[in-house]
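Chemist: For reference, the structure I am asking about is given below.
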Amino acid sequence: MRIAVPSKGRLREPVLRLLEAAGIEPQYSPDSARALIVPTNWEDVTLVYVRPEDIPAVVSAGGAELGVTGLDYIAEHGGEGLEVVEGLGIGRARLVVAVPDEAPVERVEDLPDGVRVATKFVNIARRFFEESGVRARIVRITGSAEAMPRLGVADAILDVSSTGTTLRLHRLRVIAEVMKTEAKLIRGHHVDPGDPVVEAVVEALRSVVRARGYKLVLMNVPVEALERVLEALPSMSGPTLARVEGPRPMMEVVTVVPEDRLARVLVEARRRGARDILVLSVDRVIP
């Protein structure tokens, strides 16, 4: 089974780290350092390195069973022959329209008819400007768009922005958000979702995504304080309890806590009588 992954760009390293966290690691040899088709430590899984914008086409054409790329590239492709299986929570960014700082426009609707817009997202741009009622001339590019207005090639750009730093560096400002994007796991329509290998890969990735933002908390609680402490603890299906062998009647409590609530939960549990509290990372969650 083949998984198409980005060969370059902002998604490459986050996607490879996610695969590694899911237990899927490329197996390079001295002769394969620059190879585009690489085996993994899963005997029946191979990685195919493809430009992120080409991954939807590769998966829909049957060149790979699964792929990971941005929602922006999926939308540009049109999604035909594909199913979006899972949002992976990495590579979050915005697709925006930006103009030079000195341009006398505040909204897309202020752009004049015939405005030149540089972008590699040609299909998205055409749809967006048609829906906005602006007659735009789309200038197709394959590389960075930010320099195009300063070079006189375009009057505006439609491009991906993660932090806005690159736009500011090129003295550009955003006048519209076209869409939000993040990395998505996609599957071709030709693939049987019940295939054991496909199912195993999908569940491995999902388990890592589910685990983000959670911590495993273990604590010892005197029996007389147990009810009070349990009232303060969130959990997935309910906390796990086990008797602690010791001179004082005590229970071990194990639960999973969202990381953004962790500090408050720990303080409250300690106040209600919990002790010997341990906080551990959660690598995977499988319901």
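Here the sequence shown stands for residues 1 to 287, where the numbers follow UniProt numbering. Glycine residues also receive a C-beta, built at the ideal position from the N, C-alpha and C atoms.
For Pro258 and Val217, I'd like the C-alpha separation in whole angstroms.
Modeler: Going by the C-alpha atoms only, they are around 10 Å apart.
Chemist: Hey, could you find the ends of the alpha helix (DSSP H) Thr142 is sitting in?
Modeler: Run containing Thr142: none; DSSP gives neither H nor E here.
Chemist: Confirm, please, whether the CB-CB distance from Arg92 to Glu25 is below 8 Å.
Modeler: No.
Chemist: Would you call the CB atoms of Ile175 and Val108 closer than 8 Å?
Modeler: Cβ atoms of Ile175 and Val108: closer than 8 Å.
Chemist: How would you call Met251, buried or exposed, if buried means at least 16 neighbouring beta carbons within 10 angstroms?
Modeler: Met251 should be labelled buried.
Chemist: Can you tell me whether DSSP reads Thr240 as helix, strand or coil?
Modeler: Correct three-state label for Thr240: strand.
Chemist: Does DSSP put Asp110 in a helix, a strand or coil?
Modeler: Helix, per DSSP.
Chemist: Would you give the residue range spanned by the beta strand (DSSP E) that Asn220 belongs to?
Modeler: Residues Tyr214 to Pro222.
Chemist: Does the contact criterion of 3 or more C-beta pairs under 8 Å hold for the region 125 to 140 versus the region 159 to 171?
Modeler: Segments in contact, no.
Chemist: Leu266 by DSSP, collapsed to three states: which one?
Modeler: DSSP places Leu266 in helix when its eight states are reduced to three.
Chemist: What is the DSSP secondary structure of Arg173, counted as helix, strand or coil?
Modeler: The answer is strand: DSSP assigns Arg173 an E or B state.
Chemist: When DSSP labels each residue in this structure, what does Ser161 get in the three-state scheme?
Modeler: Strand.
Chemist: Quick check: what's the CA-CA separation for Gly79 versus Glu224?
Modeler: Their backbone Cα atoms lie some 58 Å apart in a straight line.
Chemist: Residues in its own chain within less than 6 Å of Val68 by CB, not counting five upstream and five downstream?
Modeler: Around Val68: Val5, Val15, Ala183 and Leu185.
Chemist: By how many angstroms is the C-alpha of Tyr49 removed from the C-alpha of Ala118?
Modeler: Taking the straight line joining both Cα atoms gives about 27 Å.
Chemist: Suppose you measure from the CA of Arg206 to the CA of Gly81; what does that come to, to the nearest Å?
Modeler: If I take the Cα positions, the gap works out to 22 Å.
Chemist: Where Val285 and Leu172 are concerned, what is the direct C-alpha to C-alpha distance, given to the nearest angstrom?
Modeler: If you take the alpha carbons of Val285 and Leu172, they lie about 42 Å apart.
Chemist: When DSSP builds the beta bridges, which residues end up paired with Leu19?
Modeler: According to DSSP, Leu19 bridges with nothing at all.
Chemist: Would you say Arg2 and Thr46 are within 8 Å of each other, going by their C-beta atoms?
Modeler: Yes, they are a contact pair.
Chemist: Counting Cβ pairs closer than 8 Å, one from the region 228 to 236 and one from the region 260 to 275, do we hit at least three?
Modeler: Touching, yes.
Chemist: Rank Tyr214, Val58 and Val282 by C-alpha distance to the C-alpha of Tyr73 and give the top, closest one.
Modeler: Ranking Tyr214, Val58 and Val282 by Cα distance to Tyr73 puts Val58 first.
Chemist: Return the CA-CA distance between Gly152 and Asp195, expressed in angstroms with no decimal places.
Modeler: Answer to the nearest angstrom: the Cα atoms are 52 Å apart.
Chemist: Hey, could you find the ends of the beta strand (DSSP E) Glu252 is sitting in?
Modeler: First-last of the beta strand (DSSP E) with Glu252: Met250 to Pro258.
Chemist: How about Arg137 and Val105: do their beta carbons lie closer than 8 Å?
Modeler: Result no, Cβ atoms of Arg137 and Val105 do not sit closer than 8 Å.
Chemist: Just to confirm the assignment: which complete alpha helix (DSSP H) runs, minimum length 4, are found wholly within the region 18 to 81?
Modeler: Complete alpha helix (DSSP H) runs here, min 4: 55 to 60 and 71 to 77.
Chemist: Mark Val208 as exposed unless 16 or more other C-beta atoms lie within 10 angstroms of its C-beta, in which case mark it buried.
Modeler: Flag for Val208 reads buried.
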